[in-house]
């Protein structure tokens with residue numbers, strides 16, 4: 022898995038031709054490069070989704086029996102991984118998943 026810190030240096034991904042054309046036109050109209058405009062659009066979309074992302078992080082942390090801050094840092098450092106059903110059962114048996122109240126991150 023690539024660490025988030027490494028990704029900040031250079032991110033590359035494929036886009037369909039239609040979206041490349043839209044991005045090229047948007048960048049031209051705004052007087053910026055395609056890379057600058059793509060960065061701006063992605064940043065804006067992430068800010069728009071920030072609350073949703075944080076709520077999902079709360080849920081995923083709860084499921085692992087850790088704090089949202091620990092999971093956030095584990096993801097940032099590339100140390101987080103998906104859980105199997107067996108791992109969830111084991112965490113539950115160990116009492117690491119708080120089952121006493123509402124599920125964090127859902128309905129927020």
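In the numbering used here, the protein residues as written are 22 to 129.
C-beta: ideal position from N, C-alpha, C; glycine also.
Under 8 Å, do residue i and residue j count as touching if we go by C-beta distance?
i, j, result
"residue 77", "residue 122", "no"
"residue 48", "residue 35", "no"
"residue 55", "residue 44", "yes"
"residue 124", "residue 83", "yes"
Taking the C-alpha atoms as reference points, what is the distance between residue i and residue j?
i, j, result
"residue 85", "residue 119", "10 Å"
"residue 90", "residue 99", "14 Å"
"residue 129", "residue 31", "34 Å"
"residue 115", "residue 109", "10 Å"
"residue 60", "residue 71", "16 Å"
"residue 101", "residue 50", "40 Å"
Within the continuous alpha helix (DSSP H) that includes residue i, where are the two ends?
i, result
"residue 61", "55–69"
"residue 100", "Looking at the DSSP string, residue 100 is not in any alpha helix (DSSP H), and its letter there is neither H nor E."
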